[in-house]
Every structure is written in C-alpha cells, then in structure tokens.
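**Student:** In full-length UniProt numbering, the protein residues as written are 1 to 865.
1. When DSSP labels each residue in this structure, what does residue 352 get in the three-state scheme?
2. Looking at residue 700 and residue 759, is the spacing between their C-beta atoms short of 8 Å?
3. Rounded to the nearest angstrom, what separates residue 481 and residue 430 at their Cα positions?
4. Does the count of Cβ pairs from the segment 21 to 31 and the segment 58 to 70 closer than 8 Å reach three?
5. So does the segment 502 to 521 actually touch the segment 547 to 558, counting three or more Cβ pairs closer than 8 Å?
6. Okay, do the segment 777 to 784 and the segment 728 to 746 touch, 3+ Cβ pairs below 8 Å being the bar?
7. Just to confirm the assignment, what range does the alpha helix (DSSP H) spanning residue 858 have?
8. Looking at the secondary structure, which residues open and close the alpha helix (DSSP H) in which residue 510 lies?
9. Check for me: the beta strand (DSSP E) holding residue 691 runs from which residue to which?
10. When the Cα atoms are used, what is the spatial distance from residue 131 to residue 100?
11. Could you pull out every unbroken alpha helix (DSSP H) segment of at least 4 residues lying fully inside the segment 310 to 381, listed in chain order?
12. Decide yes or no for the touch test of the segment 693 to 710 against the segment 666 to 675: beta carbon pairs closer than 8 Å, at least 3 of them.
13. Considering only C-alpha positions, which residue in the set 38, 91, 112 is nearest to residue 122?
14. Run through the DSSP bridge pairs and tell me what residue 120 is partnered with.
15. Rounded to whole angstroms, what's the CA-CA distance from residue 360 to residue 324? Just pull it up for me.
16. Helix, strand or coil for residue 663 per DSSP?
17. How long is the line joining the alpha carbons of residue 617 and residue 641, rounded to whole angstroms?
18. Where DSSP assigns a beta bridge to residue 651, which residues make up the other side?
19. What is the residue span of the beta strand (DSSP E) that residue 835 lies within?
20. Thinking just about the alpha-carbon of each residue, which of 47, 118, 93 is nearest to the one in residue 80?
21. Using DSSP with H/G/I as helix, E/B as strand and the rest coil, what is residue 255?
22. Thinking just about the alpha-carbon of each residue, which of 116, 96, 145, 109 is nearest to the one in residue 125?
23. Just to confirm before moving on: does the CB-CB distance between residue 201 and residue 263 stay below 8 Å?
24. Assign residue 744 to one of three DSSP states: helix, strand, or coil.
25. In the DSSP output, which residue or residues are listed as bridge partners for residue 77?
26. Return the Cβ separation of residue 246 and residue 285 in integer angstroms, given the expectation that the two are a contact with Cβ distance under 8 Å.
27. Tell me the rounded alpha-carbon separation between residue 483 and residue 435.
28. Under 8 Å, with one C-beta from each stretch per pair, do the segment 851 to 860 and the segment 772 to 779 reach the 3-pair mark?
29. With DSSP as the reference, identify every bridge partner of residue 733, one or two as the case may be.
30. What residue range is occupied by the uninterrupted beta strand (DSSP E) comprising residue 750?
31. What does DSSP give as the partner residue(s) for residue 822 in the beta ladder?
32. By how many angstroms is the C-alpha of residue 397 removed from the C-alpha of residue 336?
33. Going by DSSP, what residue range makes up the beta strand (DSSP E) through residue 850?
34. How big is the Cα-Cα spacing for residue 139 and residue 182?
35. Rounded to a whole number of angstroms, what is the C-alpha to C-alpha distance between residue 669 and residue 644?
36. Taking the alpha helix (DSSP H) that residue 680 belongs to, which residues open and close that run?
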C-alpha cells in the first residue's frame, strides 16, 4: 500500500520491464505477478515509449503464453496487450485461433474483449475467415458482445470498405435490440453502409422521423445525420420537423443536440432558431453544471456571427457571471461582451475584475480576445478597456497570456489613433517588470516605430534606456535599435541619444556593441531625414537575398547590386476570431514567390529564359475552366523583369480517356512574343500535368495590360477506365476552348508595404530626384459604397500595398488618406497617395502617382480611369 500517493510507475525503465516480461514463460503462470508486469508494459506504451520491432515481437510472443491462465484480470490485460503490440510486433496472427476460440466460447467476460483484439490484428486476407463469427456476434444476445462486434466492424472498414455493407442485415437485426447502446452502434454501422447514397440514408431514418427515438444515443446520431443531409439548405421539411421534435425529447442530451443542430443550420439558411435559443436559455438556469456549460458555450459561438440573436439571453448570462464554475463564468462574460451595449461596458468590466484572477490563463486569453473585439466595436470605450488590460498585465501569468494582452493593446492602437498615447504608456510600464524576453523585444521594436511620432517622444527614452541597464543581451540590443530610431526621426533628441549610444559601445555583448557603434557612426555622419532607412532597414526575404547575391557574384559586377528586386519577408496575417486552442510555434517557411522560384529554377529549359532575374510576383490561381467540366485547367502567372511565365495545371477528369501531347495554345496580343511553349506528353485520368508558356513583355508598357485567348489542344485516346490502358493504337486530335487570360497591372507590381519606408521622406526624395508626378480625380463605380471597400478594391487592382497602416479606416470617418507603395517590374519604384471621400454611398478619389518612369505612372493613372 502506498503512503502519501504518487505514481508507482514513475521511474520505469523499458529494458528492465522487458527483462521482467520473461516471467511470462514460467510454468505455472503466476497471474498476479504477470498482471503487474503486463500493466507496466501497457503504461510505457501509453506514455509514448518506443519499442523496436524485435523487442515488441519478443514481448508479444512471451505474452501469448499467458493464454493458459484462466485468471479473468490477466486475460483482459492480455487482450489489451495484443491491441497495443499488434502494430509493432511481427507474426501477430499466431493468436488468431486463441482469440477466435475466446470470442465463440461461453465465457461472456472474455468474448467482447476478444472480438476487439481480433479485429485489431485482422487484415484483408483474414477477413473472410472471421466473417461468420462476426455476423453471429453482431446478433448475440449479450449486449456487450453485440456492441463490441458492431464497433469493430466500423473499424474494419479501414481494412475493407465494404464490410459495413456485407454485414448490414445483421446490423439491421441488432437495431431492434432492447439495449440503447446496441441500437446506437447498429445505426452507426447502417449509416456507414449507406452514407454514399443520400436516398438510402433518408430511407434509413424515415421511420424515426415521425416519433422521437427512445434511445438518447440513437436520437443524437439521427440528428447529426439529418443535419448533414440538410447541408445548409431549406429543403427537407421532414428532417427539420424531426429535429424540432427532438427539442421536446425527455433526454437533455438529445434536446441539446437538436438545439445545437438548429443553430448551425440557422447560420446557413433561413431556419427558425428561436426555439433553440429558448432551450439554451432554459439550460442556463439548470442545476447541472454540464448543461450550463454546454448552453453558454454554444451561445458564445453564436454570438460571434449573430450577437443580436443572443441578446434575449443576456439576463440569464449575467446570472452566470457569479457561477462557482469559473469556466462557465468566463464564457458568460465573454458572450456578454459580444452582445452587450456600449452603455454596459463599464459595468461588465467591474464584474470581470471580481473573478479574472481566479481563472486559468487559457480562459484569461479568451476574455482578452473578447475585449479586443469590444474595442473594435466601441472605439470610444478604449480608455476603460485599456486601463483594464493594463491591470491584467500586472497580474501573474504566462507568456501566451501576456502576449495576448500586448497584442490587444497594439491592435487597439492600430485602429484608434486616440488610443496610441495611452497604449504606449501601458506598454512602457509593462516592460519595466516583463520577464519574457521575446515580448520585451517586440514592445521595444514597437516603441521604436510609434514613439517618435507621438506627442512627447522624449518621455519614452527613459523606459528604453532602462532596458539597456537592467536586461539581458537580446533586450539590450533591441533597446539600442529603438534609441537609434528616436534619434533618426526626432533631430532635437539626437545629441542626448548619441550620449546614451556611446555608453552602449562599452557593453559586454558583441551584438549590443556592434549595433551601438553602427548607429553612432550613421547618426553622426548624416543628420538628415534620409538616415531613417539606414537605421531601420527593410525586412527582406533572406533566401531570396542569398540567391540574388550568389547570382550577382557570378556576373562581372560592373553594375551596382539592385536590392529593390528582393521580395519582402513573409508576414503572417493575424486571425480576427480566435477560439480556445493551444499555441503551436510555426517553423520558418519560404514565401509563395520563393517556393515557385525554387521550382522554376530547377527546370532547365525555363532557367535559360529566367536567367539571373528574381521572381517579382506570382499571381493567385486563375480558373480557366468550370470545376465540373471534363478538363480542369488553372493558370498561375509568374512575372519577371522582361518575361512572363504562364504555368498551366491541367487535370483530366475522364476515366475512359488518355490525353497525349497536351498543350495550351496562347494567342499573344500585339507586342507580346512567345519564346517557349512546352507540352505534357501524357495526361492520365485524375493526374496533374503542368505546362509552361514563356512570353516576352512588349517594350511599350501600355501594351503589357492585355487579354489573351487560350485553347487546350491534345490527342485523345480511348482507354480502359480501370487499368488506364489505351484501347486503340491511334487517337484523334481535339481541342477545348478555355477562358481568356488577362494580364493586369497588378500582375506587374509588387507591394512593399511597411518595409522601413517613411512615406513622407520617400515622396519628398522622389520629387527632388525629378520623378514623374501625375494626379487625377475619379468617381469610383457603384459597386464601391464604403471607404473600406474602396481601399480593398484599389490595392487589389493596382497591386500596391498600404503604408503606415493607412489601410485601416476610423469608424464613422467620411474621408481617408491612403498611402501606397510598390515596385513595378524592372525595379521601378511606385508611390501613390489616394485621398478618399465618402458622400451618400458615393466614393470619390484624388489619386497622385510618383514614379521615375513616366510611362509607368501614366499606365497606373490610365488603368484606374
């Protein structure tokens, strides 16, 4: 007997346990000792311990000796051991006869477990040998045996897909059992047998539509099947009536399942969901915590997409704020945050403060995300909400929790300019005691970006320099960069910051000293606004930069290296709605353009035309055929400096045809020249074939925006649908008309966004260099009725990226200034300034374009017009 608890298997070693397994060979068998050893093996396997094939096989064959014991506990452990080792050991079918004997014997305590173990080791070749026994077990008088056989038959569908259909008659008989669990499993087998035939499934559940089933498990499964059949449409009135009927079932499980189904259907169709909301409202007042949790969790999900529907439950949800179960209280308060009015925000914040310290970090993150959505909904309440978030920052918590709060504060600052000063102040206070290095570095980077443009930049210098004195090397390095950013952007602060940076050159860390020396040198030599890009260089794609430098070193290097051709680093968009989930760290990955460049550069005949140039941009996938047609063709446009590579991905959806010599004929418009056409020699059924066409861009950039007719041409041969072998020696030539392919302005422009660009400085520098500046006023089309829609339409059409977060529009604003930047093929910088005004759902725009190439500037203006 253990004194004080603890885990008796905590310090097990695999080798020792496997040596103990030799005890299984003793005669006579010691049931108690063997059961203890077998429990150790099962524990190790379930803890993720890896056994080699030899080790697993030896343990498995030693375990088979235990069949001579009649001890019930030991025998059931043997069945578990067979299931666990069946995928690791060799020759496991040796126990088939013993398991078959047990499953057909008179000992009911063995039979169900033996069936489950036998089906685990069964393969397609053994299936016929045990089929007779399985059919008998399905209709067995013992409910445990019948359920085990039915569930095992579902698992066997992975071995042979027609198992459920072959045993459907026996499953139909088991459906009439008095045991509710057998009924449930039998219905699952019958559904598996007919799920590919919608009419057969409807016929299966037809007899249950008029009356609610007595078995709650069957009722839940029928509701889920009915929901799949409805598939978000209003058709199937009988099925809807059945689900609504289940709202009055005597089992709370079925009632909840029906309400949940109606709510999910209601999001996609015009289903009346008021009865389902009423049911969940009643569950909110239940004495059972499980029902309260289920109800409030479902209401919380509905509130994301349709908060007005949940408003009727607000009173019941407020009663749950003080629930003893903090999970329920958290979901209740976050639901109220999504559905409440602006006037109730202050009261809700006070109620949250009373219990937020008592819940886990996981649920605290949920609360923070709800507050984030509330900030976007009621921007005028940013002061109250940010004060609350600041208080949460001072509480104890892990990195994920603190990062969620910091992300929320930053997001509020981005969408609400009035919250910027308060947000920076809260973050400055937080890094004074921040114990998470990665978070401190991120906040220092933000201070370096936003602090210089605040009302009093000097107030943040003290907070940043404190990090140089007190923190680790990584944080000190980030603080040095932030200080340099202040010095470059705010000339009055330059002398004082230079003093601080000179002290940093005595730091013990190499990175900190190097940064300080670099920034001091740059700032002392050039005290002008143009120094800003040198202090904060653009974030470039490292693999693309490395490839471009290697190509440059292979040339004569007479011309300077053009860094503008390097694409920006990949940035991940943050999801707007986040549910409770574990954070998974994503590994660094190539950008989309880098992945395509790797693929294209490895094709010899394409590498000749691509040369040393970098891939400027790869377009989204464009469908040249309908998805239901016999041939599917998709196109991706790859833009280089002088050539356009068209990638056609083709799929043959006809099983009785083999396509040969497949190519896409492109009719080039005036100015374009086809320099390479490839073909796919063989395109069997449902296999992907890729075809490339290389065109040279016209010298006149105005002619580069064009429409190209395309045709799929091939030789078709009839073939056997099963083997794919052609029936005839010769085929016939055929062609298939495709959609026209458009080469747009956006295909030739890559946006550069916030790559360390100070738009005002770059614009003034362009004017001083004599760049062409064109300006025009436009009235946008009737499809654009909002400032947000105008921004989305303009950036998508031009291919430029918004700078300095100007893609965000303040709530209720009637005008907006949008700043855009990008690179036209050939490394030609493009800057654009769009002044948008909204009046009576009509958006007018004054667009100014600045570019060193007058033809490109004129092309952009004329394309908008």
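A virtual CB, placed ideally from N, CA and C, is assigned to each residue, including glycine.
**Tutor:** Taking the definition as stated:
1. Helix.
2. Inclusion of residue 759 and residue 700 in the CB contact set at 8 Å is not warranted, their separation being larger than that value.
3. Near 19 Å, if we compare the C-alpha coordinates of residue 430 and residue 481.
4. Touching, per the Cβ criterion.
5. Contact fails: fewer than three Cβ-Cβ distances are below 8 Å.
6. Of all C-beta pairs linking the segment 777 to 784 to the segment 728 to 746, fewer than three are shorter than 8 Å, placing the two stretches out of contact.
7. Per DSSP, residue 858 belongs to the alpha helix (DSSP H) from 854 to 864.
8. Its alpha helix (DSSP H) spans residues 510 to 525.
9. Bounds of the beta strand (DSSP E) holding residue 691 are 688 to 696.
10. Near 11 Å, if we compare the C-alpha coordinates of residue 100 and residue 131.
11. Unbroken alpha helix (DSSP H) runs of no fewer than 4 residues, entirely contained in the segment 310 to 381, are found at 314 to 319, 326 to 339, 345 to 353, 361 to 377, following chain order.
12. Three or more beta-carbon pairs separated by less than 8 Å link the segment 693 to 710 to the segment 666 to 675, which places the two stretches in contact.
13. Ranking 38, 91, 112 by Cα distance to residue 122 puts 91 first.
14. BP columns for residue 120 are empty, so no partner.
15. CA-to-CA, the gap between residue 360 and residue 324 works out to about 14 Å.
16. Under the three-state reduction of DSSP output, residue 663 falls in the strand class.
17. Rounded to the nearest angstrom, the two C-alpha atoms are 10 Å apart.
18. Note: residue 651 sits in a beta bridge opposite 632, 688.
19. Looking at the DSSP string, the run of the beta strand (DSSP E) that includes residue 835 is 828 to 839.
20. Of all alpha-carbon atoms in 47, 118, 93, the one lying nearest the alpha-carbon of residue 80 is that of 118.
21. Helix.
22. 96 is the residue among 116, 96, 145, 109 whose C-alpha sits nearest the C-alpha of residue 125.
23. Residue 201 is not a Cβ neighbour of residue 263, given a cutoff of 8 Å.
24. Reduced to three states, the DSSP call for residue 744 is coil.
25. For residue 77, no pairing in a beta bridge is given by DSSP.
26. Wrong, their Cβ atoms sit about 21 Å apart, outside the cutoff.
27. Rounded to the nearest angstrom, the two C-alpha atoms are 21 Å apart.
28. In short, these stretches touch, since the Cβ pair count reaches three.
29. Beta-bridge analysis with DSSP links residue 733 to 715.
30. DSSP places residue 750 inside the beta strand (DSSP E), whose first and last residues are 749 to 751.
31. Note: residue 822 sits in a beta bridge opposite 751, 830.
32. Rounded to whole angstroms, the gap between the alpha carbons of residue 336 and residue 397 is 24 Å.
33. In the DSSP assignment, residue 850 falls within the unbroken beta strand (DSSP E) covering 842 to 851.
34. Cα to Cα, the separation comes out at about 10 Å.
35. Cα to Cα, residue 669 sits roughly 13 Å from residue 644.
36. Note, residue 680: premise wrong, no alpha helix (DSSP H); beta strand (DSSP E) at 680 to 683.
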